[in-house]
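Heads up: the structure comes next, in structure tokens.
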Amino acid sequence: MAQYKTEAFVLGSRNWGEADKIIQLFSREKGKLRASAFGCRRPKSPLAGALQMFQVLDVTLNEGERVDTVRQAAVRKRFPMLSSDLNAMAYGAFIAELTLEMMPEGEPQEQVYDWLMSVFDVCGERNPRVVALIAGWQMLELSGVGPAYDTCAHCGTHIDGNAFFDAVEGGALCPHCAEGIPTAKVYPDAVRDFLKMISKLDFASLPSFHVKKEELLGAEELLLYTLDELLGKRLKSVTFLSQLG
Ligand SMILES: [Zn+2]
Numbered sequence: 217m218a219q220y221k222t223e224a225f226v227l228g229s230r231n232w233g234e235a236d237k238i239i240q241l242f243s244r245e246k247g248k249l250r251a252s253a254f255g256c257r258r259p260k261s262p263l264a265g266a267l268q269m270f271q272v273l274d275v276t277l278n279e280g281e282r283v284d285t286v287r288q289a290a291v292r293k294r295f296p297m298l299s300s301d302l303n304a305m306a307y308g309a310f311i312a313e314l315t316l317e318m319m320p321e322g323e324p325q326e327q328v329y330d331w332l333m334s335v336f337d338v339c340g341e342r343n344p345r346v347v348a349l350i351a352g353w354q355m356l357e358l359s360g361v362g363p364a365y366d367t368c369a370h371c372g373t374h375i376d377g378n379a380f381f382d383a384v385e386g387g388a389l390c391p392h393c394a395e396g397i398p399t400a401k402v403y404p405d406a407v408r409d410f411l412k413m414i415s416k417l418d419f420a421s422l423p424s425f426h427v428k429k430e431e432l433l434g435a436e437e438l439l440l441y442t443l444d445e446l447l448g449k450r451l452k453s454v455t456f457l458s459q460l461g
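Heads up, the sequence shown is in this note's numbering, so the first residue is 217 and it goes up one at a time.
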């Protein structure tokens, strides 16, 4: 059975069998992949410490017919805030779950891999709620489903002033085109300017900036609505965040 090494984030796991786990990795070389880790829930397992959420591993796997198997794993990088601060952890879980939902299986995504490294770094240093919001919108673009921000998705008109937004229609809508679309959401110009600004931010050198509460809330509401429409379900991490309040 072929063996390979890769560098990968742990982005999810579920218990399986008596002492095993199925883990979801996002690797530099192969993109998203699932792997079984036998015995890793036993305290003395050499895998137990490594296979923790958010950690970056140097991992050796055996290729399997349906799912690969973790043979060895060493921690390459930890994000201490993501394991010690509940708020950072909860927003980090949103970013992890969204990455797993949006990325295809088995295809290398090096740009997204490097992006995620910067996002998790910043999530421990800056307001995790704002980091998750920016990451959520940027993930739409990285997945090729970024919405139109300032041109009407129907008629292509440049949009000035307050307008509308519909995730199914492809983003911004001018007032004229939105007339026949009852599901279109209100899209204030301040939220549009904010979305345009954050869509261009580089997590590797994130400038400091101030967010007004109504822009934050407006951008969050539109993001959650867009994700609900795209995925056809609500992410578990979003439900958890809403319980945190
Ligand atoms: Zn239009």
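The C-beta atom is built at its ideal place from N, Cα and C for all residues, glycine as well.
DSSP three-state call for Y365: helix, strand or coil?
coil
Would you grab the beta carbon distance between A264 and V275 for me? Rounded to a whole angstrom, and I think it's under 8 Å.
Wrong, their Cβ atoms sit about 14 Å apart, outside the cutoff.
To the nearest angstrom, report how far apart G233 and E445 are at their CA atoms.
34 Å
Since A388 contacts A406 with CB under 8 Å, what's their CB separation in whole angstroms?
The pair is not a contact, with the Cβ atoms about 14 Å apart (cut-off 8 Å).
If I'm right that S299 touches F336 with Cβ under 8 Å, what's the distance once you round it to whole angstroms?
Contact doesn't hold; Cβ gap of about 11 Å is too wide.
Shorter than 8 Å from the beta carbon of F225 to some beta carbon of chain D?
No chain D is part of this structure, which consists of one protein chain only.
Could you tell me whether the stretch 395-413 touches the stretch 430-444, using the rule of 3 or more Cβ pairs below 8 Å?
yes
Inter-residue Cα distance where the pair is V226 and R342:
One C-alpha to the other measures close to 22 Å.
Give the list of continuous alpha helix (DSSP H) stretches no shorter than 4 residues that lie fully inside the stretch 369-397.
391-394
Where DSSP assigns a beta bridge to F225, which residues make up the other side?
Partner(s): F242, V272.
With three or more beta-carbon pairs closer than 8 Å as the criterion, would you say the stretch 315-322 touches the stretch 291-298?
no
So what's S421 in DSSP terms, helix, strand or just coil?
helix
Quick one: what's got a C-beta closer than 7 Å to F348's C-beta in the same chain, skipping five residues either side?
The question names Phe, but residue 348 is Ala in the sequence shown. Correct list, in chain order: Y307, F310, I311.
In angstroms with no decimal places, state the Cα-to-Cα distance between S243 and D236.
21 Å
Can you give me the C-alpha to C-alpha distance between K429 and M355, rounded to a whole angstrom?
22 Å
Going by DSSP, name the residue or residues bridged to Y403.
A379
Return the CA-CA distance between G377 and C393, expressed in angstroms with no decimal places.
15 Å
Classify S458 as buried or exposed, calling it buried when 16 or more other Cβ atoms lie within 10 Å of its own Cβ.
exposed
Using 8 Å for Cβ pairs, my map puts L316 next to K246. What's the rounded Cβ distance?
Going by Cβ atoms, the distance from L316 to K246 rounds to 14 Å, so no, they are not a contact pair.
Straight-line CA distance for A224 to I397?
43 Å
Could you name the residues of the same chain whose beta carbon sits closer than 6 Å to that of V328, not counting the 5 residues immediately before and after it, in chain order?
L358
Within the continuous beta strand (DSSP E) that includes S252, where are the two ends?
247-253
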